[in-house]
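>
Residue numbers (this note's numbering), protein chains in the order written: chain A, 1327 to 1721; chain B, -15 to 280.
1) Output yes if chain B places a C-beta closer than 8 Å to the C-beta of residue 1518 of chain A; else output no.
2) Quick test of your reading: residue 17 of chain B and residue 173 of chain B, contact by CB under 8 Å. State the CB separation rounded to the nearest angstrom.
3) Let me confirm a value: residue 1620 of chain A is counted as buried when at least 16 other C-beta atoms fall within 10 Å, else exposed. Which label applies?
4) Under three-state DSSP, which class holds residue 233 of chain B?
5) In or out: residue 1523 of chain A buried (at least 16 other Cβ within 10 Å) or exposed?
6) Answer yes or no: do residue 76 of chain B and residue 1327 of chain A have a C-beta to C-beta separation smaller than 8 Å?
7) Scan the segment 44 to 67 of chain B for residues whose Cβ lies nearer than 9 Å to a Cβ of chain A and list them as they occur along the chain.
8) Work out the CA separation of residue 1591 of chain A and residue 129 of chain B for me, nearest whole Å.
9) Can you name the start and end residues of the beta strand (DSSP E) that residue 282 of chain B belongs to?
10) Buried or exposed for residue 1497 of chain A, please, with buried defined as at least 16 other CB atoms from any protein chain shown within 10 angstroms of its CB.
11) Using the rule of at least 16 other Cβ atoms within 10 Å of the residue's Cβ for burial, across every protein chain shown, is residue 124 of chain B buried or exposed?
12) Which residues, in chain order, does the segment 1660 to 1672 of chain A contribute to contact with chain B at a C-beta distance below 9 Å?
13) Can you tell me whether residue 1414 of chain A is buried or exposed? The criterion is at least 16 other CB atoms within 10 Å of its CB, across all chains shown.
14) Going along the chain, which unbroken runs of the alpha helix (DSSP H) with 4 or more residues stay wholly within the segment 1393 to 1438 of chain A?
15) Going by DSSP, what residue range makes up the beta strand (DSSP E) through residue 8 of chain B?
16) What first and last residue would you give for the beta strand (DSSP E) that runs through residue 1626 of chain A?
17) At a threshold of 7 Å, does residue 93 of chain B count as lining the ligand COA (C-beta to nearest heavy atom)?
18) Could you check what DSSP says for residue 1502 of chain A in three-state terms: helix, strand or coil?
19) Is it buried or exposed for residue 1691 of chain A, if we count other Cβ within 10 angstroms and need 16 for buried?
20) Using the beta-carbon count (16 or more within 10 Å), is residue 248 of chain B buried or exposed?
21) When the Cα atoms are used, what is the spatial distance from residue 1655 of chain A to residue 1663 of chain A?
22) Give me the subset of the segment 1672 to 1687 of chain A whose CB atoms are less than 9 Å from a CB atom of chain B, sorted by chain position.
23) Let me know the alpha helix (DSSP H) ranges lying completely inside the segment 61 to 143 of chain B, each 4 residues or longer, listed in chain order.
24) Measure how close the beta-carbons of residue 73 of chain B and residue 94 of chain B come, nearest whole angstrom, since I'm counting them as under 8 Å.
25) At a Cβ threshold of 8 Å, is residue 1529 of chain A touching chain B?
26) When you compare only the Cα positions, how much space is there between residue 246 of chain B and residue 252 of chain B?
27) Helix or strand or just coil, what does DSSP make of residue 1682 of chain A?
28) Just grab the DSSP bridge partners of residue 210 of chain B for me.
29) Taking the continuous alpha helix (DSSP H) assigned at residue 44 of chain B, which residues delimit it?
30) Residue 1333 of chain A and residue 1539 of chain A: beta carbons closer than 8 Å?
31) How many angstroms separate the CA atom of residue 1403 of chain A from the CA atom of residue 1451 of chain A?
32) Is any beta-carbon of chain B found at less than 8 Å from that of residue 1511 of chain A?
33) The beta strand (DSSP E) spanning residue 1572 of chain A covers which residue range?
34) Residue range of the beta strand (DSSP E) that residue 13 of chain B falls in?
35) In chain A, which residues lie less than 8 Å from residue 78 of chain B when you measure between Cβ atoms?
36) Here's the rule: buried if 16 or more other CB atoms are within 10 angstroms of the residue's CB, otherwise exposed. What is residue -3 of chain B?
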């Protein structure tokens, strides 16, 4: 049987059995519902918005109805006009947050406080053009802010995307990694692995298992992060569009991160003794993953562009968690993406070779827990499949 | 034909296989005998690459055994293993396809074996929902599903009731009749004597006897004498050199004699001691041969 067929069969079994378990479907639905739900909440909040617009006297006739007509296609926010004595008075009202915008028709300007509201600007622009339709084409409204735009809002969204993204990655890597450990420990403990390995190479079994479970994780994270990214990119959330791309980065980085961590998970699962359960068996890798997350978190919070953060962006164990977050916060130059991906790919190659051997060693070893060092030395000698079976088969 | 040739395997200081050689021909059923820890499981695992030999070769049809020929082998380890939460039919089909069957043939074969082993109604049940006996059958089906050319079973009869033993023996005979080479280990020597033409006896990793049961009996240095006596004094034994007691129950003596002992002398002594109701002389049982070879 070809290697590809063996891997396919193992992966297909993993997918089928996990889907039978309902946990995957339920958790995916819950997560998608959370993302979609937050979009609905955000939208319902923004549709109930009221735009308070100050206009210096004299207020042209028909401005309010023109604004309301123009606002209709934008989910019909309520428009409140307030006439102010002068542009000066209007600025004061804007500054005091009594109004959201100041429309200076004489200067073709629309002023905001510190952040241009694109929707409001579009509404005002449409309304003013409509009012002036009988006149020669007028210049479009210029939008500006009276204060230097604070980055507050954009930063809030970036921070949210950065942390939600890396938390999603951390959780997905840990949960699906733990599925790998669980599967490996189960196969080892109920001895089904002996029957499988009598027909299938250990590395094919490992590959099939990692690919099968990884595919499920990929589907879930693609649905969740993909939906959030699309919502961000299409402006459903009030946040800069580029955050959609940053969030979408989570998807390929799940693939890379999972390939790296899942092999390690499989190896520790195979080394576990029969008494150990999957939870404790997976701990060394889970702790590594958590450490990578927290070191990355602290580095990014302290200085998202500092030397440590730069290092962690390309360091294979932390790259999957740090890179998408940093990309959301400050952007990551393309060459760093390249270095990070290359280093992770190299690490995956090394880990698959060594972890794969330790996996093969560990699977057939029964009795006491096989020490990492022993497994390592056996693996280095490359004696795949060799094993000792204390009290069983050894005279 | 499966051939183990000069197989050696150490586990640390322990010699698990010591120049171990034997063969299993197609269409023959070989009982693999040996005391606990003699190396039976190690030898069986080596056939499937689960143990790597220090030296020696394992051949199938004169070719070294590798992953491809192994797909046509079936292995049932001593400690049975299937997925507890996976439905039985899916599970059988999975093992069939791992052994090279396409999806359709694997499902057809799974259904056939479920029928054959009276599990037809349980195909959709999870393995853990089956009784112990039915789980054993499912395990057997997983081993046989792909019509292996070589069948290796580690203690297949252990823990089975009499009816299950008969049924399994019948199935294994059928597999041999189909042309499969069958190798199984067992401690139930009387059973092996009943169903196997050939045996391989291993002790301390070394094959101490191999061949047809009949010829092992013929060449044995011992003979078995059974005497049923009445009205004899309790504890009577014939005073003949080279004759020793094997078992005694209800006036029935089972004696082992060396081949050169004249049975007439035992009969004469028995007649003096009491009324001889029955007297037989013949080759030793497989159990006697086993003890002779292993204990000495």
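Cβ coordinates follow ideal geometry from the N, Cα and C atoms, glycine included. This one's a predicted model, so the numbers in the text were calculated from it and none came from an experiment.
A quick look at the data gives this:
1) On the first chain, position 192 is the one that residue 1518 of chain A refers to. So yes, residue 1518 of chain A belongs to the interface.
2) Numbered from its first residue, the second chain carries residue 17 of chain B at position 33. Numbered from its first residue, the second chain carries residue 173 of chain B at position 189. The Cβ separation is near 7 Å, so the contact holds.
3) The residue given as residue 1620 of chain A occupies position 294 in the first chain. Exposed, because fewer than 16 other Cβ atoms sit within 10 Å of the Cβ of residue 1620 of chain A.
4) By 1-based counting over the second chain, the position of residue 233 of chain B is 249. Reduced to three states, the DSSP call for residue 233 of chain B is strand.
5) Sequence index remark: in the first chain, residue 1523 of chain A carries index 197 (1-based). In summary, residue 1523 of chain A is buried, with 16 or more beta-carbon neighbours lying within 10 Å of its beta-carbon over all protein chains present.
6) Within the second chain, numbered from 1, the residue matching residue 76 of chain B stands at position 92. Within the first chain, numbered from 1, the residue matching residue 1327 of chain A stands at position 1. Between residue 76 of chain B and residue 1327 of chain A, the C-beta gap is not smaller than 8 Å, which leaves the two residues out of contact.
7) Cβ contacts with chain A: 51, 52, 54, 55, 57, 58, 59, 60, 61, 62, 63, 64, 65, 66, 67.
8) For the purposes of this step, residue 129 of chain B is identified with residue 145 of the second chain, where counting begins at 1. For the purposes of this step, residue 1591 of chain A is identified with residue 265 of the first chain, where counting begins at 1. Distance between the alpha carbons of residue 129 of chain B and residue 1591 of chain A is about 33 Å.
9) The requested residue 282 of chain B does not occur in the structure, where chain B is confined to residues -15 to 280.
10) Taking the first residue of the first chain as position 1, residue 1497 of chain A is located at position 171. Exposed, since its Cβ has fewer than 16 Cβ neighbours within 10 Å.
11) As a position in the second chain, residue 124 of chain B is number 140, starting the count at 1. With 16 or more Cβ atoms within 10 Å of its Cβ, residue 124 of chain B is classed as buried.
12) none
13) Start at 1 with the first residue of the first chain, and residue 1414 of chain A comes out as number 88. So residue 1414 of chain A ends up on the exposed side.
14) Taken in chain order, the unbroken stretches of alpha helix (DSSP H) that lie wholly in the segment 1393 to 1438 of chain A and span 4 residues or more are 1413 to 1421.
15) By 1-based counting over the second chain, the position of residue 8 of chain B is 24. In the DSSP assignment, residue 8 of chain B falls within the unbroken beta strand (DSSP E) covering -2 to 8.
16) Position 300 of the first chain, counting from 1, holds the residue named residue 1626 of chain A. Premise fails: residue 1626 of chain A lies in the alpha helix (DSSP H), 1604 to 1628, not in any beta strand (DSSP E).
17) Questions concerning the ligand COA fall outside what the structure shown contains, since it holds no ligand whatsoever.
18) Numbered from its first residue, the first chain carries residue 1502 of chain A at position 176. DSSP places residue 1502 of chain A in helix when its eight states are reduced to three.
19) Locating residue 1691 of chain A in the first chain gives position 365, where the first residue counts as 1. Counting Cβ neighbours within 10 Å, residue 1691 of chain A comes out buried, since at least 16 surround it.
20) Taking the second chain and counting its residues from 1, one reaches residue 248 of chain B at position 264. Result: exposed.
21) Numbered from 1 along the first chain, position 329 holds the residue referred to as residue 1655 of chain A. Numbered from 1 along the first chain, position 337 holds the residue referred to as residue 1663 of chain A. Taking the straight line from one Cα to the other gives about 15 Å.
22) none
23) Here the runs fully enclosed are 72 to 82, 87 to 100, 116 to 128.
24) On the second chain, position 89 is the one that residue 73 of chain B refers to. On the second chain, position 110 is the one that residue 94 of chain B refers to. Contact flag correct, Cβ pair sits at about 5 Å.
25) Taking the first chain and counting its residues from 1, the one referred to as residue 1529 of chain A is at position 203. It does not: the Cβ of residue 1529 of chain A has no partner Cβ on chain B nearer than 8 Å.
26) Position 262 of the second chain, counting from 1, holds the residue named residue 246 of chain B. Position 268 of the second chain, counting from 1, holds the residue named residue 252 of chain B. Roughly 11 Å separates the two Cα atoms.
27) The sequence position of residue 1682 of chain A within the first chain is 356, counting from 1. Looking at residue 1682 of chain A - three-state DSSP - the assignment turns out to be helix.
28) Here residue 210 of chain B corresponds to residue number 226 of the second chain, with the count starting at 1. In the DSSP output, where bridge partners are listed per residue, residue 210 of chain B has B:238, B:264.
29) Within the second chain, numbered from 1, the residue matching residue 44 of chain B stands at position 60. Segment 39 to 44 is the beta strand (DSSP E) holding residue 44 of chain B; no alpha helix (DSSP H) there.
30) As a position in the first chain, residue 1333 of chain A is number 7, starting the count at 1. As a position in the first chain, residue 1539 of chain A is number 213, starting the count at 1. No, the pair does not count as a contact, with Cβ atoms beyond the cut-off.
31) Residue 1403 of chain A sits at position 77 when you count from the first residue of the first chain. Residue 1451 of chain A sits at position 125 when you count from the first residue of the first chain. One C-alpha to the other measures close to 15 Å.
32) Indexing the first chain from 1 puts residue 1511 of chain A at position 185. Chain B contact via Cβ: absent.
33) The residue labelled residue 1572 of chain A in the question sits at position 246 within the first chain. Taken as a continuous stretch (DSSP letters only), residue 1572 of chain A belongs to no beta strand (DSSP E), being part of the alpha helix (DSSP H) at 1568 to 1574.
34) Taking the second chain and counting its residues from 1, the one referred to as residue 13 of chain B is at position 29. Where residue 13 of chain B is concerned, the enclosing beta strand (DSSP E) stretches over 13 to 17.
35) Here the question's residue 78 of chain B lines up with position 94 in the second chain. Think of a sphere of 8 Å around the beta carbon of residue 78 of chain B: the chain A residues whose beta carbon falls inside it are 1335, 1339, in chain order.
36) Start at 1 with the first residue of the second chain, and residue -3 of chain B comes out as number 13. Residue -3 of chain B comes out exposed.
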